[in-house]
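Asker:
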Amino acid sequence: MKFEYTRRASGDFEEVVERVKKLAMEEGFGILAVHDFQKSFASRGIEFVPFTMVEICKPEIAAEVLKKDINLGLFMPCRINIYEKGREVVVSGIAADMLAGFTDSDLGEIPDRVAGAIRRIVDGASA
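If you count by the working numbering, then the sequence shown holds residues 1 to 127, one letter each, in order.
What follows is the structure in structure tokens.
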């Protein structure tokens, strides 16, 4: 099983980052952090492609998952990466449905529900 869901995006890099944030909020997620890896690496003298990670969370879902298996917190918050590959902008989100394979706890429909939201964000940002 793949751990990510990836699509090529149209538009310029910053435009795609903003679409991801907007779509995540429309799906009911909060934006916890936005990491600009290119900028962070440059501060250490390392050249890197444009790469931004948007960390998103729905606390009510996160709490429900953590009550079942607190170690699943190692996979939280959900992350969506936006990066340049060649001349293309790529959007990649965590495939949350794979979480069920990392625990003996019954997570019910939660992984599929979150995975669906992540796919909608990635698909929408890629349009």
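Glycine residues also receive a C-beta, built at the ideal position from the N, C-alpha and C atoms.
Would the stretch 59 to 68 and the stretch 44 to 51 be scored as touching if the rule is three or more Cβ pairs under 8 Å?
Answerer: With fewer than three CB-CB distances shorter than 8 Å, the stretch 59 to 68 does not count as touching the stretch 44 to 51.
Asker: Please name the residue in Ala127, Glu4, Val91, Phe75 whose C-alpha comes closest to that of Asn51.
Answerer: Strictly speaking, residue 51 in this sequence is Phe, with Asn absent from that position. When each option's Cα is compared against that of Phe51, the closest is Val91.
Asker: Mind pulling the alpha helix (DSSP H) runs of 4 or more residues that sit fully within the stretch 26 to 70?
Answerer: 37 to 42, 59 to 68, all fully within the stretch 26 to 70.
Asker: Going by DSSP, name the residue or residues bridged to Arg160.
Answerer: The chain is shown only over 1 to 127; residue 160 falls outside these bounds and no answer can be derived.
Asker: Let's test the definition: count the other Cβ atoms within 10 Å of the Cβ of Pro59 and tell me whether it reaches 16, buried, or not, exposed.
Answerer: exposed
Asker: Could you compute how far the alpha carbon of Arg8 sits from the alpha carbon of Ile31?
Answerer: 22 Å
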